[in-house]
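This report refers to the structure that appears directly beneath it.
Protein chains: 2
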Amino acid sequence: VKPAVTAVAINRHIAKVGLVGVPDAPGVAALLFSRLSQRGINVDLVFQALSHDHLNDIAFTVEDKDAAAAEEVARACLPDVNGRDVVVDRSVAKVSAVGSGMLGRPGVAAGVFQALAGAGINIQMIGTSEVKISCIVARDKAEHALRRIHQAFLLDEGQAVIED
Amino acid sequence: VKPAVTAVAINRHIAKVGLVGVPDAPGVAALLFSRLSQRGINVDLVFQALSHDHLNDIAFTVEDKDAAAAEEVARACLPDVNGRDVVVDRSVAKVSAVGSGMLGRPGVAAGVFQALAGAGINIQMIGTSEVKISCIVARDKAEHALRRIHQAFLLDEGQAVIED
Ligand SMILES: C[C@@H](O)[C@H](N)C(=O)O
Ligand SMILES: C[C@@H](O)[C@H](N)C(=O)O
Chain E
5 VKPAVTAVAI NRHIAKVGLV GVPDAPGVAA LLFSRLSQRG INVDLVFQAL SHDHLNDIAF
65 TVEDKDAAAA EEVARACLPD VNGRDVVVDR SVAKVSAVGS GMLGRPGVAA GVFQALAGAG
125 INIQMIGTSE VKISCIVARD KAEHALRRIH QAFLLDEGQA VIED
Chain P
5 VKPAVTAVAI NRHIAKVGLV GVPDAPGVAA LLFSRLSQRG INVDLVFQAL SHDHLNDIAF
65 TVEDKDAAAA EEVARACLPD VNGRDVVVDR SVAKVSAVGS GMLGRPGVAA GVFQALAGAG
125 INIQMIGTSE VKISCIVARD KAEHALRRIH QAFLLDEGQA VIED
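Protein chains in written order, with the working numbering: chain E, 5 to 168; chain P, 5 to 168.
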C-alpha cells in the first residue's frame, strides 16, 4: 500500500493577508487578484470558505518580501469592493503534507490535523488538493509541526523539508 | 511560453458541508475529519480561511452520495466542539482550472476569477494549489463557467472536461 504522506515541508517566509467582510458577489475576487497581479505580486495560496449574510473573507499568502505591497493593494481595494477591513499576519508559516490521492483516502487529513492538535498547534487556515494538505500555523510552531507530521507518518530524514 | 491554464474541469456531483462558528483552537479540525474518516467518507477539498473572535468555519466538499452521512457527522460533532451550526448545499459544483506553476504566475488566478465574474457567476469558495485553482459555484452555473474559462484561456475541445 502506497504511503499516504510521502513528504512534509514548511515555508516560514510567507505572510497572510486577508480582505475581510467583502460582498459575496461576482467580481470581488477578480478585482483583488487583478490588482495584485498588476503589481507583480505572486500569490502563493488563496483561502475562501463560507459566506454569511452575503459577506465573505478572501485570504491569501504571499512571500514575506511582497507582504507590504500586498497589504497596500488589499487596502486600496477596500473602498472599491465595499469591504470592511484588511488583516495581515507576517508571523505565519505554511506546513504542507504531500502525498498521492490523499483526499480520496479518508484519514490522511485527520492524521495531519491530529499530529498538529496533539502538540497544541492551532491550524489558522487550511487548503488542500489531491496531493497536498497545507496548514497555515504560527511561524514559531512550524518546526514542531514538521516534526509531528514526520513522526506521525513515519517519514525519513529526506522527507521532512524546510523549504524556506 | 508554457500556457498558464492547460485544462478546465467541472464536477457537478459534489456537495458543500460546513461547520460554522467553531472554536479556533487545536483539535477541532482533527475531531471533525477523524469522525468523517471513521465513517468512510471521502473528503474532496477542505476550505478554512480567517478566524474572527477566536471562531472559524471549516467547510469541505464530498461526493453527492456521501452528503447525507457527512451532514450527520458534522451535526454530531457540533456539541463536542462547541460549534454553532452546520450548513449544507447540495446544489454546488467545482470548477477547476489546471495549469503549471499557476500561482507563481500573477494574473492566472485573476484571469480565472474574471472569466467567472464577467458572466455574473458568484465564486462561493476558493481553493488553490500550484497546479490547480478550484472554485465552488452554483451547480446551474457550472457549464457556463466551463465555457467562460475555456474561452478566456483559448483552450481546445479536449481541454474542457465535464468530470461528473
Ligand atoms: C467573495 C468573492 O469571492 C465573490 N464571491 C466573488 O465571486 O468574487
Ligand atoms: C478551526 C480549526 O481548524 C482549529 N483552528 C484547529 O486547529 O483545529
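All C-beta atoms, glycine included, are put in the ideal place defined by N, C-alpha and C.
**Request:** Please find out if some non-hydrogen atom of ligand 2 comes closer than 7 Å to the beta-carbon of Asp28 of chain P.
**Result:** yes
**Item:** Three-state secondary structure assigned by DSSP to Glu167 of chain P
**Value:** coil
**Message:** Could you check whether Glu167 of chain P and Ala71 of chain P sit closer than 8 Å to each other, using their CB atoms as the reference points?
**Reply:** no
**Inter-residue spacing [alpha-carbon to alpha-carbon] between Ala121 of chain P and Gly115 of chain E** = 37 Å
**Request:** Taking C-beta pairs closer than 8 Å, name the residues in chain C that Ser55 of chain P reaches, listed in chain order.
**Result:** Annotation note: the requested chain C is absent from the structure, which comprises protein chains E and P.
**Asked** Looking only at its own chain, which residues have a Cβ that is under 6 Å from the Cβ of Val50 of chain E, when we skip the five neighbours before and after it?
**Response** Phe64
**Asked** Going straight from the alpha carbon of Arg88 of chain P to that of Ser38 of chain P, what length do you get?
**Response** 19 Å
**Asked** From Val24 of chain E to Leu35 of chain E, what does the alpha carbon distance come to, in whole angstroms?
**Response** 14 Å
**Asked** Does Lys69 of chain E have its Cβ less than 8 Å from a Cβ in chain P?
**Response** no
**Item:** Given Pro110 of chain P as reference, the closest of E:Val21, E:Arg16, E:Ala53, E:Leu40 once Cα atoms are compared
**Value:** E:Leu40
**alpha helix (DSSP H) segment containing Gln118 of chain E, residue limits** = 112–121
**Prompt:** What separation, rounded to the nearest whole angstrom, lies between the Cα atoms of Glu161 of chain E and Ala123 of chain E?
**Reply:** 20 Å
**Prompt:** With burial defined as no fewer than 16 other Cβ atoms inside 10 Å of the residue's Cβ, what is the status of Ser133 of chain P: buried or exposed?
**Reply:** buried
**CB contact below 8 Å: Ile153 of chain E versus chain P** = no
**Message:** Classify Ala78 of chain P: buried if its beta carbon has 16 or more other beta carbons within 10 angstroms, exposed otherwise.
**Reply:** buried
**Prompt:** Short check: CB of Ala164 of chain P to CB of His154 of chain P, under 8 Å?
**Reply:** yes
**Item:** Contacts of Lys136 of chain P in chain E (Cβ-Cβ under 9 Å)
**Value:** Ser133, Glu134
**Prompt:** With 16 as the cutoff for other CB atoms within 10 Å, does Ser95 of chain E come out buried or exposed?
**Reply:** exposed
**Prompt:** Leaving out the 5 sequence neighbours to the left and right, which residues in its chain are closer than 8 Å to Ile125 of chain E when beta-carbon positions are compared?
**Reply:** Val141, Ala142, Lys145, His148, Ala149, Arg152
**Message:** Quick check on Ala19 of chain P: buried or exposed, where buried means 16 or more other Cβ atoms within 10 Å of its Cβ?
**Reply:** buried
**Prompt:** Which one of E:Glu76, E:Cys139, E:Gly103 has the shortest CA to CA distance from Ala30 of chain P?
**Reply:** According to the sequence displayed, residue 30 of chain P carries Pro and not Ala. Measuring from the Cα of Pro30 of chain P, the nearest candidate turns out to be E:Cys139.
**Request:** Would you list the one or two residues that DSSP bridges to Met106 of chain E?
**Result:** Its beta-bridge partners do not exist; DSSP assigns none.
**Item:** Burial state of Asn60 of chain E, where buried means 16 or more other Cβ atoms lie within 10 Å
**Value:** buried
**Message:** Taking 8 Å as the limit between beta carbons, can you name the residues of its chain near Gln52 of chain E, skipping five residues before and five after?
**Reply:** Ala33, Asn60, Asp61, Ile62, Ala63
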